[in-house]
Every structure is written in structure tokens, then in C-alpha cells.
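See below for the structure under consideration.
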Amino acid sequence: MPPPPNDGRVSPDRTMNEVKSLASDRQQRQEATFVRWVNAAFKRAGQADKLENLSSDLTSGINLIKLMKVLCPDVAVPNYNKNPKMRFALMENLNRALEMVEEGGIKTVGIGADNIADHNMMLILGLIWSIIYHVRIGKIQIGEGKDGKSGREGLLFWCQRQTANYESEGVKVKNFTSSWSDGLALAALIENNRPDLLSFQGMKALGKPQAVVAECIRVAEESLEVPRLLEVDDILIADDEKVMMAYVSEFYTLFAKQSQAQDAVRRAQRFVQLEMKVADLVEQYEKGVPDFTMWADGVFKEFGTLEVADPSLEDAWAKTQRAEAFRANEAKDKTKQCHHLIHLYDEIQLNCRTHNRKKYETPEGILTGPELKHLSSELTQKAWDFIRAVREYYDREKTKAAAQYVSLVEELNTWMKSIEGAVMREASTAGDQASMEKSHAQLAELQEEVHKQDLFKRTQEAAEHLQQGGVPTHTVGGTHHRWDEMCWRMETLQQNISQKKTCMEEELEQAKAQAAGVPQEKVEEYREIFHVFDEKKENCLSLSQFGDCLKGVGIQVSDVELEPLYRRYAVVLPVEVFGCMLTQAPVDSAERCTEGVGIPFDNFITFMWENTQDVESKEQVMQSFRSLAKDKDFITEEDLSSVDPAVSLFCIKHFPRGPHGFDYSTFVASKFL
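Numbered per the UniProt record's numbering, the sequence shown finishes at 673, counting up by one with no gaps.
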């Protein structure tokens, strides 16, 4: 009987045969990949065991037990038959192996010992895949909270982030099959982490996916020690995401460990660099305080009392000259030194408080910052009492007066008292934000009034006229208001208004920050960072200063990302008030960053709070040093070779030395609260 005519349709039997053939091919690729994966696990553990065939090599249960011992070392190894011959012995071994799998947290739903003993390849592959997924993929966690991704989605998201800069080159990772078939995603993944090993453009220039894939597999195996789980055709065919996920997860494990090691180095370096900074500040402080206190003791002895047994003009003039020399030169220099020492003390305590370190305690005989302030105040009072007594002594020899000058001085004094009183009334920063803003505006008005005051200028002219005539102003009319004292009071008044205005601005910034949920200690930390990069003290950051700031605090932003990020937080400042931050307006997205545009401190607070909230804890720093020390309780000079040389020298000098190395645990623990 002749065959029926061919009508162009494919017979059902042929279609079924093709499906079976494809399924068989995929199963063979999975088995080959999983065998290589298991053998790679044995090799990493230093074991000589090696599988050839999953169907036969797992039947005794021994290799499965050995595999679980390598992958889950915390799971107890049961007693098993090391030379099973009969089926019941095989089944007993397999059941114990499957119990280890379950204890390792790997679900084995639907597979029993009999399935493995009977060589059910589909279920055996499912078991090995469950093990691979649990060990390599299931533990992946990218991000936290509802936006975090884990497992397969976490691995895919990691691949997308690693290859994001190559999208313009045609690399778009959307899955674990077709996205990898041309080899370019693999090339991008390698170059992004190890550009010294492979050139993406060089791979792209090859033109043939087979050549690209082959070279990537070779480089990964020879230079990165990534096991060759796949053949070139496995990636080119791209029909099984399991084998590709198994291979790509090896890259994740490798590069994630490298990243963790780099994080450990950075965290350890930040900790030591802070200790170096504080140690330098402490050294400056403890050297400067004894010098200042010794000078202060001498001043107290010299200016303790004014002794005049037989007064004379010559004696009065000599004492006046000494007092003038002290006031004009010595006192100014030492006052600056004292302020610098107090600033050092405050900076030391700020660093300790900001980074959760123990408070700095001064050694015996070294005054604290508050004690220095008290000493300085007492010294100033004593010196001025002496100077005033000397002047009164000298003034008794002068009788000439200048009515105009006295009148002007008294008028100026009355005006200054009224202004000083007004400033004191606005000094309190307590209250709500609206009250503070009102006080800030009133201080600004007082500042403007002081700036425009004509009375001060007229009094200055009168004083200069008297001095040119050889009559010291402090002798005129019996008044004790010397012109230089009035100048000092005027300067102090201006500084007082400016400082209180600045303080009010800081309180307003803190109020805004607290309203946004930013802790006070963070505001102080951000202010310290802001002032470092606000070099011109304009209370705003330019584009270049903002870029330097990001590098300084360790926030990685590319050149392409920098300007859009800057525009997001910057405001337009009118030229006439640039640096004063009196008015603010959003920066248009199309506007170029130019002079008159900057990021004010309150916007900088918002940026830092959104982007950096990770202050290292004692546990994090301890873990970083443990990582550097390769899990030892001590760290050696060889372990420190990966950190900055200055950091390494500091550790060697300051860490307690033990019999085998340096005790990092004791040093780190001593620095935290």
C-alpha cells in the first residue's frame, strides 16, 4: 500500500520526537554542568573525589554525603556504610544523605532514596539544582526592605547593575538565557570588575559570538579561577536558565567577596585615619596648654596688684607703656593661642562624639577646654583691672578736657548700650521656627544699623584730632572711655551681632533638619564636613566643591551623574547676596551651574541624610579587622600590607603587640563607648 500523499503538515509523531530530543539535550547539558559544579566544590575543599555521571555516582549515597559535608560543614555527618553492596544498604545511605540535605535547609519535596537508587535522572537533576540554588543563589540579598531583591531576582539585579554602563553598547541583561547568548554580557561583567584582564571593545571587535564566549570562559577560568561549568555551545544555545544561573553565580560569589574585602579595608582605614587625626589634635593640645598656663602664671604675678608708694609721672608713664605693650601685642597673640587650644579641644570631643568614641580625658596637669575658658576670662579680667588702674593713675596727671569729644563719646556709649541691649534681647534662640526667623530678621536690621552708624565715624574723627594734638583720649574730660576701648567695644558689638545671627541661622537649620528627622549630632557632623569644603566661607558649595566633598566622604558618583545630582540640591543666589543665603530659588534643570548657584547648608543636610547614614559600629570595625587578619585574633604586618602605608604604620605603633602579632581587638574596643 503506497504512503499517503504529503500535504505539508508535520506528523504528531515527528513533533513529539523533536520535543523529546530537545528535552534530552537540555537534560544532558544540565547533567554535564551539575557534574562540573559538584567536582568544583570538591576541588575547592581540597578533596580528590570526582563525579563522572550523576545517575550512577550518587546511587551509593556516599558522594552525596561527602558533598553535603563540604557545602554544609555545620551539619553533622551521620554514620553510613562505606562499602554498600545490597540495595537496602544503598537505601540506608541515601536516606541519611537526604536527611543531611534537609538539615542543611534544602527542601527535597518529591524525591526519595528509591528515586536516586532507580536512576531517575529528572529527579536527581532537581535535587542537585536545589542544592546549587540554596548554596549559591538563594542566599543572595541585594538591598533591604520592600525594595530588596533576593535569590534569582537578586542575582539578575546584580548582573544588571554590573553591566549598566554597557547598555549603550547593546548589553541589556533581562534574563539568564538569550541575554547572554552573544557573550557580550559576560565580557561586560568581567571588564567591569577586572578591566586589567579583558577589553570589552576588544571582545566586541571579534564579531563572532562563539569567539567572544570562548575567550570569556578562558579568561574566567585561567585568571579568576571560575570553574568551567559550561561549554561554548551551552551559552550560545541559551535555552536553559539553570545552567547559566549556576555559572553566573560563580562570578557573583567571586566579585562579592572581593567587594567585601575592599569594604573591610576601607572601614579599617577610616577607623585608623580618625584615630590618627585625633592623636594629632591631642598632641597639639597637650603641647600647647602647658606653654599657655606658664605664661598665664607669669601674668598673674606681674599684674596681680598695682603698687604705687611714691607716685610720679615717670613711674606712671613706665607702667602705662608696659601695660600698653601687653595689651597691643602679647595679650592678642596669647588670646589667639588660647582660642586655638579651645578649638582643638572642642574638635577632639566632636570627633569622639560623632564617631561614638570615648570622651577625651586630659592627663593630670593639663587643663580641659572649659578650664582654659575660665582661666582666659579670669586672666583678661585681671589684666584689664591692672591696665585700668594704671590708666587712672596716669590720668590723674592730666586735666585738659575736650567737651565735644566727651559729649560724642557719651552719646556713642549710650547708643551702643541700647544696641547691645537690643542684641541681648534677640540672643535667645528658644522657641518655634517662626519666632527664630523673626529674631533673625531683627538681628539683620541691627547689623545694618551698626554698619551705617554715623555717630561712630564722627567720634573717631574727634578722637584722631585730639591724638594728633598730643592729648590722649583717655585723659579728656575725666572720662575713662578711651577711643581704642570704644573701637574694641564697637568691633565686639559687630562680632556679637554677627555671631548671634550665625547662631540663629544654625538653629534655624537645625530646626529644619529636626523637622526632617535628622538627629542633632548628625547636623553637627554634616556642618563640620560642609565647612571643610566651603573654602571661601560663602555658606554654599559650588559644583567643583560638591564634587570634592563627595570624594572626601567616599560617595562614588560618576562625572555624568555629578551635575544632575548637584542641580537637584542647588539653589539660585542673587549676586548681591551671594554667600549670605538670604533668598533661595530652585535651579532650573536646563541651567548651567555658574557663579551665583550653590548648595546651601540646609540642602546639604538633606543630601547627606539621604545618602550617608552608616557610621561604623564597634562590631563593624572589629569584623573589618578580622577580615583583614583572615579570621585570626591578631593581625600581622603582612596582613596590613593591603592598607595605606600610613595606616599600617599607625597600627604597628599603637596596637598592643602580642606573641604572634598585633592585638586589634583590644585597641578597637578601647576607642568605642
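Here a beta-carbon is modelled for each residue, glycine too, at the ideal position from N, C-alpha and C.
This one's a predicted model, so the numbers in the text were calculated from it and none came from an experiment.
So the alpha helix (DSSP H) residue i belongs to, where does it begin and stop?
{"i": "Val647", "result": "645–654"}
{"i": "Pro564", "result": "559–569"}
{"i": "Pro519", "result": "Premise fails: Pro519 is in no alpha helix (DSSP H) and is neither H nor E."}
{"i": "Pro363", "result": "Segment: none, Pro363 is in no alpha helix (DSSP H) and carries neither H nor E."}
{"i": "residue 730", "result": "The structure shown has nothing for residue 730, since the chain only spans 1 to 673."}
{"i": "Ile342", "result": "331–354"}
{"i": "Trp158", "result": "151–162"}
{"i": "Leu236", "result": "232–237"}
{"i": "Leu628", "result": "618–628"}
Would you please state the rounded distance, in angstroms, between the beta carbons of residue i and residue j? I believe it to be under 8 Å.
{"i": "Glu92", "j": "Asn83", "result": "Not quite, the Cβ-Cβ distance comes to about 13 Å (not below 8 Å), so this is no contact."}
{"i": "Gly598", "j": "Ala570", "result": "6 Å"}
{"i": "Leu71", "j": "Gly105", "result": "11 Å between Cβ atoms; not a contact."}
{"i": "Phe625", "j": "Tyr664", "result": "4 Å"}
{"i": "Leu67", "j": "Val109", "result": "19 Å between Cβ atoms; not a contact."}
{"i": "Ala246", "j": "Ile132", "result": "5 Å"}
{"i": "Val243", "j": "Thr33", "result": "4 Å"}
{"i": "Gly61", "j": "Leu94", "result": "4 Å"}
{"i": "Leu198", "j": "Ala187", "result": "6 Å"}
{"i": "Gln30", "j": "Asp240", "result": "6 Å"}
{"i": "Val668", "j": "Lys618", "result": "6 Å"}
{"i": "Glu250", "j": "Val226", "result": "5 Å"}
What are the start and end residues of the beta strand (DSSP E) that includes residue i?
{"i": "Gly298", "result": "Looking at the DSSP string, Gly298 is not in any beta strand (DSSP E); the run it does join, the alpha helix (DSSP H), is 241–302."}
For residue i, which three-state DSSP category applies?
{"i": "Phe634", "result": "coil"}
{"i": "Phe672", "result": "strand"}
{"i": "Pro600", "result": "strand"}
{"i": "Ile142", "result": "strand"}
{"i": "Val587", "result": "Bear in mind that a pLDDT of 42 at Val587, under 50, signals an unreliable position, so the model cannot answer this."}
{"i": "Leu197", "result": "coil"}
{"i": "Val572", "result": "strand"}
{"i": "Phe607", "result": "helix"}
{"i": "Phe176", "result": "coil"}
{"i": "Gly658", "result": "coil"}
{"i": "Glu524", "result": "helix"}
{"i": "Asp663", "result": "coil"}
Could you confirm whether any beta carbon from chain C is found closer than 8 Å to the beta carbon of residue i?
{"i": "Met68", "result": "Absent from the structure: chain C. Only one protein chain is present."}
Check: Are three or more beta carbon pairs between the stretch 252–261 and the stretch 165–183 nearer than 8 Å?
Finding: no
Margin query: As an exercise, report each continuous alpha helix (DSSP H) stretch of at least 4 residues that is fully enclosed by the UniProt domain "Calponin-homology (CH)" (28–136), in chain order.
Written below: 54–57, 62–71, 87–103, 113–117, 121–132
Notebook entry, point to check: Pairing CB atoms from the stretch 107–124 with CB atoms from the stretch 53–62, are three or more of them under 8 Å?
Noted result: yes
Next item on the list: Specify whether the stretch 260–272 and the stretch 343–354 touch according to this definition: at least 3 beta carbon pairs, one from each stretch, less than 8 Å apart.
Entry: no
Note to self: I'd like to know if the stretch 652–662 and the stretch 281–299 are in contact, where contact means that at least 3 CB-CB pairs between them fall below 8 Å.
What the structure shows: no
Next item on the list: Flag this pair as touching only if the stretch 332–343 and the stretch 369–380 have three or more C-beta atom pairs under 8 Å; answer yes or no.
Entry: yes
Note to self: Three or more C-beta pairs under 8 Å: does that hold for the stretch 528–540 against the stretch 356–372?
What the structure shows: no
Next item on the list: Pair every Cβ in the stretch 272–286 with every Cβ in the stretch 640–654, then say whether three or more of these pairs are closer than 8 Å.
Entry: yes
Margin query: For the pair the stretch 178–196 and the stretch 212–219, tell me if three or more CB-CB distances fall below 8 Å.
Written below: yes
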